[in-house]
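Chains D and B, in that order, are what the protein sequence lines are. Add 11 to the 1-based position in the first sequence for my numbering, that's all there is to it. Add 92 to the 1-based position in the second sequence for my numbering, that's all there is to it. Note sheet for the following structure.
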Amino acid sequence: MRATTWMGKTHVEVQDVPDPKILNSRDAIVQITSTAICGSDLHLYNGFIPTMRKGDILGHEFMGEVVETGPAVTRLKVGDRVVVPFPIACGHCGACERGLTSVCENSNPNAGMAEKIMGRSPCGIFGYSHMLGGYPGGQAEYARVPFADVGPLKIDDGIPDEQVLFLSDILPTGYMGADMCDLTPGDVVAVWGAGPVGQFAIASARLLGAERVIAIDRFGYRLQMAKDKAGATDVINYEETSVLETLDELTAGRGPDACIDAVGMESHIDVGPLHAYDRAKQVVRAETDRPHALREAIMACANGGVISVIGVYGGFVDKFPMGPFMNRSLRMRTGQCHVHRYMAPLLQRIQAGQIDPSFVITHRMTLQDAPRGYQMFRDKQDDCEKIVLSP
Amino acid sequence: MSVGSSDGTRRLVDGLGWFSLGLGSAQLVAPGVMNRLVGADDDAVSRAVQRWLGGAREVAAGVGIELRRRPVRWLWARVAGDVLDLTMLGAVLGSPRRGRGGRRRAVVATAAVVGVTVADVVAAVRLSRDGGEGGERDKAVGGIDVKGYITVNRPVGVVFAYWQDVENLPRFMAHLQSVRSLGGGRSRWRAAGPAGVEVEWDAEISGERIDEFIAWRSVGAASVDNSGEVEFRAAPGGRGTEIRVRLTYHPPAGKLGATVAKLFGEAPEQQVRDDLRRFKQVLETGEVVRSEGSPEGPRARRQVFQRPAQPVTS
Ligand SMILES: NC(=O)c1ccc[n+]([C@@H]2O[C@H](COP(=O)([O-])OP(=O)(O)OC[C@H]3O[C@@H](n4cnc5c(N)ncnc54)[C@H](O)[C@@H]3O)[C@@H](O)[C@H]2O)c1
Ligand SMILES: [Zn+2]
Ligand SMILES: [Zn+2]
Numbered sequence: 012m013r014a015t016t017w018m019g020k021t022h023v024e025v026q027d028v029p030d031p032k033i034l035n036s037r038d039a040i041v042q043i044t045s046t047a048i049c050g051s052d053l054h055l056y057n058g059f060i061p062t063m064r065k066g067d068i069l070g071h072e073f074m075g076e077v078v079e080t081g082p083a084v085t086r087l088k089v090g091d092r093v094v095v096p097f098p099i100a101c102g103h104c105g106a107c108e109r110g111l112t113s114v115c116e117n118s119n120p121n122a123g124m125a126e127k128i129m130g131r132s133p134c135g136i137f138g139y140s141h142m143l144g145g146y147p148g149g150q151a152e153y154a155r156v157p158f159a160d161v162g163p164l165k166i167d168d169g170i171p172d173e174q175v176l177f178l179s180d181i182l183p184t185g186y187m188g189a190d191m192c193d194l195t196p197g198d199v200v201a202v203w204g205a206g207p208v209g210q211f212a213i214a215s216a217r218l219l220g221a222e223r224v225i226a227i228d229r230f231g232y233r234l235q236m237a238k239d240k241a242g243a244t245d246v247i248n249y250e251e252t253s254v255l256e257t258l259d260e261l262t263a264g265r266g267p268d269a270c271i272d273a274v275g276m277e278s279h280i281d282v283g284p285l286h287a288y289d290r291a292k293q294v295v296r297a298e299t300d301r302p303h304a305l306r307e308a309i310m311a312c313a314n315g316g317v318i319s320v321i322g323v324y325g326g327f328v329d330k331f332p333m334g335p336f337m338n339r340s341l342r343m344r345t346g347q348c349h350v351h352r353y354m355a356p357l358l359q360r361i362q363a364g365q366i367d368p369s370f371v372i373t374h375r376m377t378l379q380d381a382p383r384g385y386q387m388f389r390d391k392q393d394d395c396e397k398i399v400l401s402p
Numbered sequence: 093m094s095v096g097s098s099d100g101t102r103r104l105v106d107g108l109g110w111f112s113l114g115l116g117s118a119q120l121v122a123p124g125v126m127n128r129l130v131g132a133d134d135d136a137v138s139r140a141v142q143r144w145l146g147g148a149r150e151v152a153a154g155v156g157i158e159l160r161r162r163p164v165r166w167l168w169a170r171v172a173g174d175v176l177d178l179t180m181l182g183a184v185l186g187s188p189r190r191g192r193g194g195r196r197r198a199v200v201a202t203a204a205v206v207g208v209t210v211a212d213v214v215a216a217v218r219l220s221r222d223g224g225e226g227g228e229r230d231k232a233v234g235g236i237d238v239k240g241y242i243t244v245n246r247p248v249g250v251v252f253a254y255w256q257d258v259e260n261l262p263r264f265m266a267h268l269q270s271v272r273s274l275g276g277g278r279s280r281w282r283a284a285g286p287a288g289v290e291v292e293w294d295a296e297i298s299g300e301r302i303d304e305f306i307a308w309r310s311v312g313a314a315s316v317d318n319s320g321e322v323e324f325r326a327a328p329g330g331r332g333t334e335i336r337v338r339l340t341y342h343p344p345a346g347k348l349g350a351t352v353a354k355l356f357g358e359a360p361e362q363q364v365r366d367d368l369r370r371f372k373q374v375l376e377t378g379e380v381v382r383s384e385g386s387p388e389g390p391r392a393r394r395q396v397f398q399r400p401a402q403p404v405t406s
């Protein structure tokens, strides 16, 4: 089959690789009809996630048709149309029983590797490094899906791929970002990053009753989308105005009650010296992540407010404002998304017409074009917001 | 222990701590350079391994020692780390693709690491004797003593019964080929060693309380003098069963001893933890969980030699 492979930093190739085979009795093989490139893939592309190996198949947002099932699969059958959640979860461990599927205790065969870097291991993830399992990803024609009775969500034929594909990751992720804010009436939410994840965090905050949602980014077309499509009430272009000052003005000095970091470890910042400091430390690995948006979110947040971190971090950050965080009674909620618990309710919202996630799609390409897609999405060329690939 | 000798131990420990920070930082900062220094392939994988497993481990060990939190344990972590370094260097020495320069550099690096290993062992043994930490590793002198812990989300009765049937052990203990019950609490164990060498020994149950613990030890002229015990306890709040394992190996001298030491000696703590993870997977999900990068499931060796994340062919 054809598959998108990681061949080194900023180098992906579409190659011929063997077809997947059942390895565990609870596996299914899915023939992929739609797949997408995620901001998380950019962290791999840019070389910030350790334990990648040349030839690793990328991709963790995909859907398709079941073409084979292992002997222990009971809920799925050949021909079923499914969306596959990006965290691999067993459904039986303590974490899965509590709905915390992205920290499933059984799905990472390389847990020992993750423990060395993270202390304990999170779940395995499709196409996301060896420390997170060494599983081939879904930017390919076929994928093996472990625990097929637990993850994949069946989809009726009536709904097009583009409306449900993002149930695999970014819609639940944005929703969880807003969910973790525990919103109460009158709450103001600020969202750093108007990428696809930020867009869905904004839309979800509105769905969950936020009074006001403020989008922060530097790309005009992304802020425009946040306002026109996702429902942001205000936008801040941080290259044009001071973020902290504008937030002060918009909230009459209180600060946002909840701040969502939808940027992650490759945060961009204009202030020369601080960026140079983070960049330099990152290059020599004395700091693996550049946490500028996170620092700003903590400084901006209202006393007693929530910092909801859905942007991905890989290792260690520096100059973390612990004093402000502690003294002002802030709370932090984080996590790779527990996609499993949000899929069915969000499908209902899609079917009820409360949200149509396809608004983020700006580019459609064939799988063969993946290398061009990665570069375009990374460099935000041609007003690129989200790329969907069809094998 | 005289005051003077304790001071000497402290100084040695401090020195090793700073060496850890120095070496670890070098691996984190410039893995390519480190790889060339040790003569390893300077590709993305060995860089990542150097940087993240090597570097992060050294820094963690360095910080651990400097913080004086359970220094004995951190020092033994260093010893285990040294074994990993030696394994990697061994692979380089054995690799036919190395030019002479590469080989010479690897030999020098090996000598340096061996030197550090000796210092680590001396420091760890001395500190253990000084009573640095309740002597968790006291028995380790001359043998390998390992502990492992895991919580399994199943009732104690089920978990205990599965372990009690010794013929189940090879399903989750990666190095075991088979365990056959001989009746009367006796069993025959067979393990596959490196290069196809097989090791066999008999064992007997030396203690057992239903749903609480099982202990066993090798008997007769065992080639691997070993013993072990597992404790089972209901986890609080319906969280399943807590398991605490302790294993002791005394590899004999000589060639067979070397094979055995290799079998059980490479990152032994990692091996036990991986075995326990497999045990948990079997009990909670019904089988050992495989990925294309680690097709045989959790296994310490795989952490250094991952397949690419592409479908397996064979
Ligand atoms: N938690 C999860 O489960 C999960 C799932 C998917 C993605 N993610 C993460 O979410 C993050 C965003 O993903 P995406 O697909 O939207 O990526 P993206 O690259 O399209 O979006 C990131 C946006 O952040 C903006 N940005 C950069 N620096 C900023 C700053 N200092 N202030 C404000 N905005 C800034 C960029 O301009 C860009 O528009 C990534 O880190 C990704 O890994 C997390
Ligand atoms: Zn994603
Ligand atoms: Zn699980």
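C-beta atoms are modelled at their ideal positions from N, C-alpha and C, and glycine is treated no differently. Quick caveat, the model's predicted, so the values are computed rather than measured.
Would you list, in chain order, the members of the stretch 138-152 of chain D that have their beta-carbon closer than 8 Å to a beta-carbon of chain B? G138, H141, M142, G144, G145, Y146, P147 and G148
Using 8 Å as the Cβ pair cut-off and three pairs as the minimum, do the stretch 131-138 of chain D and the stretch 107-114 of chain D touch? yes
Run through chain B and tell me which residues come within less than 7 Å of D:A287, C-beta to C-beta. Residues of chain B passing the Cβ test: none, with the nearest at roughly 17 Å.
Whole-angstrom C-beta distance between B:Q373 and B:A392, which should lie under 8 Å: Incorrect: roughly 16 Å between the Cβ atoms, too far for contact.
Rounded C-alpha distance that separates D:T262 from D:K20: 42 Å
Between which residues of its own chain and D:N117 is the CB-CB distance below 7 Å, once the five residues before and five after are set aside? C101 and C104
Quick one: is D:P171 buried, meaning 16 or more other Cβ sit within 10 Å of its Cβ, or exposed? exposed
Do B:V244 and B:L375 have their C-beta atoms within less than 7 Å of each other? yes
Tell me which residues share the same chain as D:R233 and place their Cβ nearer than 6 Å to its Cβ, disregarding the 5 neighbours each side in the sequence. A205
Chain D residues whose Cβ lies nearer than 7 Å to that of B:Q398: R64, H141 and G145
Would you say B:Q373 touches ligand 1, meaning its beta carbon is less than 6 Å from a heavy atom? no
For B:T333, go through chain D and note every residue whose CB falls closer than 9 Å to its CB, in chain order. Correct list: empty, because the minimum Cβ distance to chain D is about 11 Å.
D:D67 CB to nearest chain B CB: under 7 Å? yes
Counterpart residues of D:S401 in DSSP-defined beta bridges: D:T377
In or out: D:F388 buried (at least 16 other Cβ within 10 Å) or exposed? buried
What residue from B:G378, B:R370 and B:W308 has the CA that sits closest to B:A266's CA? B:R370
Give the residues from the stretch 34-47 of chain D that approach chain B closer than 8 Å (Cβ to any Cβ), ordered along the chain. L34, N35, S36 and R37
Using the beta carbon as the reference atom, which residues fall closer than 5 Å to any heavy atom of ligand 2, ordered along the chain? D:C49, D:S51 and D:D180
Residue range of the alpha helix (DSSP H) that includes D:L358: V350 to Q362
Would you say B:P328 faces chain D, with C-beta separation under 7 Å as the test? no
Could you tell me the alpha carbon to alpha carbon distance between D:L400 and B:S386, rounded to whole angstroms? 28 Å
Please list, in chain order, the chain D residues whose beta carbon lies closer than 8 Å to that of B:R336. Correct list: empty, because the minimum Cβ distance to chain D is about 17 Å.
Does B:R301 have its Cβ less than 7 Å from a Cβ in chain D? no
Rank B:F264, B:R272, B:G320 and B:R309 by C-alpha distance to the C-alpha of B:V238 and give the top, closest one. B:G320
Please confirm whether any heavy atom of ligand 3 lies closer than 6 Å to the CB of D:C101. yes
Flag this pair as yes or no: are the beta carbons of D:A226 and D:I213 separated by less than 7 Å? yes
Assigned exposure category for D:V254 - 16 Cβ within 10 Å defines buried: buried
Determine which residues share a DSSP beta bridge with B:A295 and list them. B:S279 and B:S310
With D:Y353 and D:M187 assumed to form a contact (beta carbons below 8 Å), what rounded beta-carbon distance in angstroms separates them? 6 Å
Comparing the C-beta of B:A401 with each C-beta of chain D, is any distance below 7 Å? yes
Cα-Cα separation between D:G70 and D:V23, rounded to whole angstroms: 11 Å
Would the stretch 188-197 of chain D count as touching the stretch 271-280 of chain D if we require 3 or more Cβ pairs under 8 Å? yes
Once DSSP output is grouped into helix, strand and coil, what is the label at D:I309? helix
What's the call for D:P368, buried or exposed, on a 16-neighbour Cβ count within 10 Å? buried
Near D:K391, which residues of its chain fall below 7 Å by C-beta distance, leaving aside the five closest residues on each side in sequence? F230
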